[in-house]
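Visitor: Here you go, one structure.
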Amino acid sequence: QVGYEPLPPTLGRNIFGRQVYQLPGLFAYAKHIVKLDGRAGLFKGLTPRLCSSAIGTVVHSKVLQVPGGSQMQCWGNCSPPDTSSPSQPGASKKEPVSSLEQVLKETSREMVARSAATLITHPFHVITLRCMVQFIGRETKYSGTLSAFTTIYREEGILGFFAGLIPRLLGDILSLWLCNMLAYLINTYALENGGPGTNKADRAALWGPTAPFLLPQVSTMAEMKSYSQAVTGFFASMLTYPFVLVSNLMAVNNCGLAGGLLPYAPTYSSWLDCWSQLRREGNMSRGNSLFFRKVPTGKRYVWE
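With UniProt numbering, the residue at position 29 of the sequence shown is 29, and numbering never jumps.
Given below as structure tokens:
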């Protein structure tokens, strides 16, 4: 993400069989780190990362336990309404509205919980990133979690603990809303009211006895909804990746480490400045893949 590529590109083949120059992937860089720092080098930043996860989980659960949140636990786990019994006229028309309102309320509460957890744990996130980026310049400035807190406060003040917080919050919020709203639209209009092909009777009517071999057999509608949630989550994470990249770059930018200075990264005046420069350079997706990393067009690398 910070633009550090100590290993040269290699000639390989993409998924279509064409020869292209590819940057080293996860396993190649893992071997490189082990060669220089031993296996312990693979776990730099682990302690503040574990602290961030533990504290974030506690904060997230405590916020969701605030009075008024218990009724929100129903969405996605409730059994569908019984449509076999007679209902009042117009009830079926009100159901999607009520369901949408429920999704909006739950997503709003989840947004507050995640934002609170992110705000509280962001200092640990900053320390984690800086512990890993030290590998570039072979520094030992952030050698421990407690000493890192002291160093950041002495050099940057309170604001240093929240470097890159705004794009991280924006990315989390956008990802959450995109994921939940897309999942709601798919579950409501493509699965529950998806027309022919969504149940066994429709499959049999459409395809006859060959239906089991032509279409995947999904045991329950709940499984299909879980699949849609996973797909929408992956799609949302792809769209919001630039926020993750900008946040991580701002967390290490101009902090005294080689990885946050030229030639790897210029000094950004704000996260918007970082965003605009990455966009001009066409690097908004830098570091988003662990494998099959294609060399960007026009990019040059120098190595020993």
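Even glycine gets a Cβ: it sits at the ideal position worked out from N, Cα and C.
Looking at C-alpha atoms only, which residue of S99, F234, M111 and C51 is the closest neighbour of V63?
Guide: M111
Visitor: In the DSSP assignment, the alpha helix (DSSP H) including Y184 goes from what residue to what residue?
Guide: L165 to L185
Visitor: State the Cα-Cα distance for the pair P266 and G260, rounded to the nearest angstrom.
Guide: 8 Å
Visitor: Below 8 Å, how does it come out for the region 180-191 and the region 160-172: are there three or more Cβ pairs, yes or no?
Guide: no
Visitor: From A113 to T188, what does the alpha carbon distance come to, in whole angstroms?
Guide: 26 Å
Visitor: Can you grab the Cα-Cα spacing for the pair I33 / S99, in whole Å?
Guide: 50 Å
Visitor: Given a cut-off of 9 Å on the beta-carbon distance, is the pair T128 and S52 in contact?
Guide: S52 is positioned such that its CB atom lies closer than 9 Å to that of T128.
Visitor: Figure out for me which residue from G38, E155 and T150 has the closest Cα to the Cα of F135.
Guide: G38
Visitor: Mapping the DSSP letters down to three states, classify V218 as helix, strand or coil.
Guide: Legend: pLDDT at V218 = 48, less than 50; position of this residue unreliable, no value from coordinates given.
Visitor: With 16 as the cutoff for other CB atoms within 10 Å, does P48 come out buried or exposed?
Guide: buried
Visitor: Drop a sphere of 10 angstroms on the beta-carbon of residue 353, count the other beta-carbons inside from all chains shown, and report buried for 16 or more, exposed for fewer.
Guide: Shown here, the chain extends from 1 to 304; a query on residue 353 therefore has no answer.
Visitor: Considering only the alpha carbon of each residue, which of T107, W177 and S228 lies closest to I186?
Guide: It is S228.
Visitor: Name the one or two DSSP bridge partners that T10 has.
Guide: Q22
Visitor: Apart from the five residues on each side of it in sequence, which residues of its chain come closer than 6 Å, Cβ to Cβ, to L170?
Guide: F243
Visitor: Mind checking P8: buried by the 16 CB within 10 Å criterion, or exposed?
Guide: exposed
Visitor: Between L272 and E139, what straight-line distance do the alpha-carbon atoms span, to the nearest angstrom?
Guide: Each residue's Cα considered, the two are about 28 Å apart.
Visitor: Counting only runs that start and end within the region 226-253, where is the alpha helix (DSSP H) found for 4 or more residues in a row?
Guide: 241-252
Visitor: Could you check what DSSP says for K141 in three-state terms: helix, strand or coil?
Guide: coil
Visitor: Is I55 near A117, with beta carbons less than 9 Å apart?
Guide: yes
Visitor: Taking buried to mean at least 16 other C-beta atoms within 10 Å of its own C-beta, is E106 buried or exposed?
Guide: buried
Visitor: Between A40, F27, G137 and G256, which lies nearest to G160 when the distance is taken from Cα to Cα?
Guide: G256
Visitor: With distances taken Cα to Cα, identify the nearest neighbour of Y241 among L104, L278 and P123.
Guide: L278
Visitor: According to the Cβ coordinates, are R293 and L23 closer than 9 Å?
Guide: yes
Visitor: Going by the beta-carbon positions, is the gap between Q1 and L245 smaller than 9 Å?
Guide: yes
Visitor: CA-CA distance, S147 and V59?
Guide: 24 Å
Visitor: Could you check what DSSP says for P96 in three-state terms: helix, strand or coil?
Guide: Below a pLDDT of 50, predicted positions are generally treated as unreliable, and P96, at 44, falls in that range; the measurement from the model is reported next regardless. It is helical.
Visitor: Going by the CB atoms, is the gap between G41 and R286 shorter than 9 Å?
Guide: no
Visitor: Thinking C-alpha only, which one of Y264, A251, W177 and L104 is nearest G233?
Guide: W177
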